């Protein structure tokens, strides 16, 4: 099916200038435009209300309108059509004002030919297209984030009401959200502002990079919201456990890699792996939650870039996971409530955190019918041991 002929609206009251731009358009290698011409803003407004155009070329000084006001009357009706200003040398200040208000580019009368006209149109169309893509992407991301926040907030409030802890947990959540969301929201805002301010000067690769940053931070906030919901649930029977066979060593190696990447490789994770089974039958999401939170906590509360020891072994029907760090440790008084949501050691105030990690680990362990215990002392490091009942598949010699 053939594409419809593109249309261009030219606002120009000087017959000679209109003739030149029309002739230059014919000489370009661009698709043949259907040209609509008017000398007055009022007539242009009527045309824009009746149909959509693919391109607008306009002078700013017309019989019924002058300067920036001419542009401001036309631009809101342009929709997706890029606007290129045709200007004289004396109009530079006004012309620059139109660029700030949304014009894609400008051409100085008497100083352009068909080649420059073609180049300007091509770049303007591409920039306008990219701007539309970014705006749509930002709108989709904003709506998804709003919907996600609304959904997760509803679930969180329902769980809290059932345990009569609504007021306390809401206050805790607000405190965490205001702190933990500040950085990702700032990153999203700065990336969006950068795209808005410098879109005309950056290439497609950089645009994609900025959009990737926005997506990454939305994912980070989604994970935090899911952690809050998990920590706030007290009726574990309503959390679905979906077990499947997983290759244990491959999963462990991937988790270690993910944790080291997310913590910028500040610590060495020393793995002591003594498992003969190739596969285990478990819920992979809960299993990952246990490992990631234990390793991340061990690294976070171990200043000085020391190593963290991860020991995995199996006994009959059991997988035993032990994580040991050389960090700040936990007092006996703090250990009593450490597996409750939003609880942290009193000596950890200077270290950023939500107080959700061990609470999530405990719930995941309970859902997998396992057990967890912690051994620690102030400035003596911490060891957390998790025992999980698992069905295994033995490695068989070839």
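Residue numbers (my numbering): 4 to 401.
In this text, a Cβ means the ideal position worked out from N, Cα and C, and glycines have one as well.
The structure presented is a predicted model; accordingly, all values stated were derived computationally and were not measured.
Roughly how many whole angstroms lie between the Cα atoms of residue i and residue j?
i, j, result
"residue 81", "residue 51", "7 Å"
"residue 402", "residue 160", "No information on residue 402 is available, as it lies outside the stretch 4 to 401 that the chain covers here."
"residue 400", "residue 281", "Legend: pLDDT at residue 400 = 43, less than 50; position of this residue unreliable, value from coordinates given subsequently. Approximately 11 Å, taken between the alpha carbons."
"residue 35", "residue 117", "13 Å"
"residue 74", "residue 86", "9 Å"
"residue 151", "residue 188", "15 Å"
"residue 386", "residue 379", "6 Å"
"residue 225", "residue 19", "60 Å"
"residue 333", "residue 131", "57 Å"
"residue 337", "residue 348", "5 Å"
"residue 389", "residue 229", "22 Å"
"residue 4", "residue 13", "Annotation note: pLDDT 49 at residue 4 (below 50); position unreliable, coordinate value reported separately. Cα to Cα, residue 4 sits roughly 28 Å from residue 13."
"residue 57", "residue 134", "15 Å"
"residue 107", "residue 247", "55 Å"
"residue 76", "residue 268", "56 Å"
"residue 156", "residue 143", "20 Å"
"residue 360", "residue 72", "58 Å"
Look at residue i and residue j and say whether their C-beta atoms are less than 8 Å apart.
i, j, result
"residue 418", "residue 43", "Residue 418 is absent from the model: the chain starts at 4 and stops at 401."
"residue 45", "residue 16", "no"
"residue 335", "residue 278", "no"
"residue 297", "residue 364", "yes"
"residue 256", "residue 371", "no"
"residue 362", "residue 342", "yes"
"residue 293", "residue 367", "yes"
"residue 274", "residue 258", "no"
What residues are listed by DSSP as bridge partners for residue i?
i, result
"residue 89", "62 and 110"
"residue 385", "328 and 379"
"residue 392", "321"
"residue 13", "40 and 60"
Judging by CA-CA distance, which residue of the options is the nearest neighbour of residue i?
i, options, result
"residue 326", "314, 74 and 320", "314"
"residue 90", "62, 156, 149 and 336", "62"
"residue 38", "260, 79 and 59", "59"
"residue 140", "214, 122 and 188", "214"
"residue 283", "263, 300, 322 and 33", "322"
"residue 26", "128, 393 and 121", "121"
"residue 218", "265, 349, 194 and 69", "194"
"residue 262", "295, 247 and 291", "295"
"residue 377", "286, 328 and 370", "328"
"residue 137", "212, 148 and 154", "212"
"residue 110", "289, 99 and 204", "99"
"residue 3", "330, 134 and 250", "Here the chain comprises residues numbered 4 to 401, so residue 3 is not present and cannot be evaluated."
"residue 102", "196, 191, 202 and 210", "202"
"residue 10", "55, 29 and 32", "55"
"residue 48", "32, 104, 158 and 79", "79"
"residue 145", "209, 301 and 191", "191"
"residue 290", "266, 96 and 369", "369"
"residue 105", "319, 128 and 112", "128"
Write down every uninterrupted run of the beta strand (DSSP E) in the region 296-378 whose length is 3 residues or greater and which is fully enclosed by it, in chain order.
-> 311-318 and 321-328
If you scan the region 22-81 from start to end, which runs of the alpha helix (DSSP H) of 4 or more residues do you find wholly inside it?
-> 44-53 and 71-77
Residue ranges of each alpha helix (DSSP H) run of no fewer than 4 residues wholly in the region 242-288, ordered along the chain?
-> 251-265
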